[in-house]
Amino acid sequence: MMTTLERLLNGEFIHPSTWFGVIFYALVFLTSAWVGLRSLRLALAQLEGSFLDRTSVGFLRRMGGALIWVLAVILYANVIPELHAFGTALLAGASVASVLVGLAAQSTLGNMIAGLSLLMYRPFQIGDSVQLTVPVGVQTGTIEDLTLGYTVIKTQANQEIVVPNSVMASQAIIKLA
């Protein structure tokens, strides 16, 4: 008969099929997810202000956090033998959900990706005077706000033009001096 120390050294206690192993791996994945979240928050805090604005940081923090937790749950379910079928179903469900969300929100996601691109490459900034073509013709104005989904331009006639970022990223915009 093996002693407790021998079983511990052989790794039998932390085998995923034992209760101790289930708890041990749960703690490992929870700790890993927590460390991942802290690392993400610290990295985004470093980028805030110099490279990304508060809107981008908040969006990336929420999306990254959700992704970290989903990955932790799926990986944990695939490590524990009793949950393996559940983990596989979660992975398949996440795949189907991501395809459906991507198709349903194609224009919104396109605007968000274009917004991130505009925030990263900064072809123009808040306060810049620009000239662009809108459905009513050529308009000149000042960039008032730049979010993930749209850009707000105030014209010389004090009108606000709200332009989706996918349009801002795909057309030629004249930056005035």
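First residue of the sequence shown? That's -18 in this note's numbering, and the numbers climb one at a time after it. A virtual CB, placed ideally from N, CA and C, is assigned to each residue, including glycine.
Check: G39 versus P145, T136, L129 and N146, residue with shortest Cα-Cα distance; Outcome: L129
Check: Cutoff 8 Å; reference P(-3); Cβ partners in own chain excluding five residues on either side; Outcome: V3, Y6, V60, I61 and P62
Check: Reference A14; option with closest CA among Y57, F105 and T114; Outcome: Y57
Check: Beta-carbon proximity list for S37, same chain, < 6 Å, skipping 5 on both sides; Outcome: L100
Check: Among M44, L8, T(-1) and A73, the one whose alpha carbon lies nearest that of L21; Outcome: M44
Check: Endpoints, the beta strand (DSSP E) within which Q112 is located; Outcome: S110 to V115
Check: Distance between I49 and A42 (C-alpha atoms, nearest Å); Outcome: It is worth fixing the name first, because residue 42 is Arg in this sequence and not Ala. Going from the Cα of R42 to the Cα of I49 covers about 10 Å.
Check: From L33, Q137 and A73, residue whose alpha carbon lies closest to that of V51; Outcome: A73
Check: Span separating the alpha-carbon of I139 from that of L25; Outcome: Sequence check: residue 139 is Asn here, not Ile. So the two alpha carbons sit approximately 36 Å from each other.
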